[in-house]
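Undergrad:
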Amino acid sequence: MITSFPLPAGWPATEARARAVQEELRSRVVLGEQGPAPGTGTVTGVDVAYDDARDLVAAAAVVLDAASLEVREEATAVGRAGFPYVPGLLAFREVPAVLAALRGLATDPGLLVCDGYGLAHPRRFGLACHLGVLTGLPAIGVAKNPFTFTYPEPSGARGSAAPLTDGAEEVGRALRTRAGVKPVFVSVGHRTTLESACAHVLALTPRYRLPESTRRADALCRRALEEASGSA
DNA sequence: GCGACAG
DNA sequence: ATCTTGTCGC
Numbered sequence: 149m150i151t152s153f154p155l156p157a158g159w160p161a162t163e164a165r166a167r168a169v170q171e172e173l174r175s176r177v178v179l180g181e182q183g184p185a186p187g188t189g190t191v192t193g194v195d196v197a198y199d200d201a202r203d204l205v206a207a208a209a210v211v212l213d214a215a216s217l218e219v220r221e222e223a224t225a226v227g228r229a230g231f232p233y234v235p236g237l238l239a240f241r242e243v244p245a246v247l248a249a250l251r252g253l254a255t256d257p258g259l260l261v262c263d264g265y266g267l268a269h270p271r272r273f274g275l276a277c278h279l280g281v282l283t284g285l286p287a288i289g290v291a292k293n294p295f296t297f298t299y300p301e302p303s304g305a306r307g308s309a310a311p312l313t314d315g316a317e318e319v320g321r322a323l324r325t326r327a328g329v330k331p332v333f334v335s336v337g338h339r340t341t342l343e344s345a346c347a348h349v350l351a352l353t354p355r356y357r358l359p360e361s362t363r364r365a366d367a368l369c370r371r372a373l374e375e376a377s378g379s380a
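Numbering (our numbering), first residue to last: 149 to 380.
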């Protein structure tokens, strides 16, 4: 079923307003909190898939048991994308759909694992920060690319990490989740620390480069998009 | 001005 | 993100 996503208060219509919203909301990011202990409670992966031709966006939220990585609950939401993809403004394209999917969960999401950045962002307010602030949940960002940031290559061993930097500032970490495979780029979203975020990511990657939470959410939102496209 | 640029 | 064949490896 295709729905119309409710937009959060003050939702911007232009890029300039969107950047202003980021500048304003970033003061609400809570840093320094330890956050949930890796391997305990629940962890929720969120991801979004698109069908640009039909202007469809599908979001998925998959709750995993943090210890066993078994799926506890899943939810999806499909609707129209209300914002184009603009580097640095990804959240405005994905947040309404993700919030709709999260509202469909009965289980406590625990930690939110987002596909993209948190503090590793031009204005230090990436998708993971945005979702964290709007939901109040602890959140982290796990991206597949370093974006505009730089990092020294971490050693080839799983678990090795190197700082992801913007000038002299460490905005995240390049973390090797599989030996000899390109690292993932982890950053803090809300209510947790970079060390804890990296520990969570390692706990979520026993076998593949990307967190199980992300892989499950990715597969689910693609499926939801297929079903919606087929019946539209 | 031009290129780069999370998903 | 998405478009796409074959291919190497566990």
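Heads up, the beta-carbon is just placed ideally off N, CA and C, and yes, glycines get one too.
Quick one: give me the first and last residue of the alpha helix (DSSP H) that Glu360 is part of.
TA: 360–378
Undergrad: Assuming Ala287 and His338 form a contact by the criterion Cβ under 8 Å, report the distance between their Cβ atoms to the nearest whole angstrom.
TA: Right, the Cβ-Cβ distance comes to about 5 Å (below 8 Å), so this counts as a contact.
Undergrad: Could you check which residue in Gly258, Ala245, Ser303, Gly304 has the C-alpha nearest to that of Asp203?
TA: Out of Gly258, Ala245, Ser303, Gly304, Ala245 has the C-alpha closest to the C-alpha of Asp203.
Undergrad: Can you give me the start and stop residues for the beta strand (DSSP E) that Gly280 sits inside?
TA: Note, Gly280: premise wrong, no beta strand (DSSP E); alpha helix (DSSP H) at 275–283.
Undergrad: Within 10 angstroms of its Cβ, does Arg272 collect 16 or more other Cβ (buried), or is it exposed?
TA: buried
Undergrad: Please report the distance separating the alpha-carbon of Leu259 from that of Gly280.
TA: 9 Å
Undergrad: With a floor of 3 residues, list each beta strand (DSSP E) that falls wholly inside the region 191–219, ordered by position along the chain.
TA: Counting only runs of 3 or more, we get 204–213.
Undergrad: Roughly how many whole angstroms lie between the Cα atoms of Val336 and Tyr299?
TA: 17 Å
Undergrad: Cα separation between Ala291 and Leu350?
TA: 14 Å
Undergrad: In this structure, does DSSP put Ala309 in helix, strand or coil?
TA: strand
Undergrad: Can you name, in chain order, every residue of its own chain whose Cβ lies under 7 Å from the Cβ of Glu221, other than the five neighbours on each side?
TA: Val211, Leu253, Ala254, Thr255
Undergrad: Look up Ala239 in the DSSP assignment and say whether it is helix, strand or coil.
TA: Residue state, collapsed to three classes: helix.
Undergrad: Taking the Cβ atom as the reference point for each residue, do Leu352 and Pro359 lie within a distance shorter than 8 Å?
TA: yes
Undergrad: Report the rounded CA-to-CA distance for Leu323 versus Ser344, giving the unit in angstroms.
TA: 12 Å
Undergrad: Quick check on this structure: which residue in Asp213, Gly266, Pro270 has the alpha carbon closest to the alpha carbon of Ala276?
TA: Gly266
Undergrad: Short of 8 Å in beta carbon distance, which residues of its chain neighbour Thr162, apart from the five on each side in sequence? Order them along the chain.
TA: none
Undergrad: Compute the beta-carbon to beta-carbon distance between Ala166 and Leu237, rounded to the nearest angstrom, for a pair I have assumed lies under 8 Å.
TA: Sure, about 5 Å apart at Cβ, within 8 Å.
Undergrad: For Val172, which three-state DSSP category applies?
TA: Here the sequence assigns Glu to residue 172, which means Val is not the residue at that position. Of the three classes helix, strand and coil, the one that applies to Glu172 here is helix, per DSSP.
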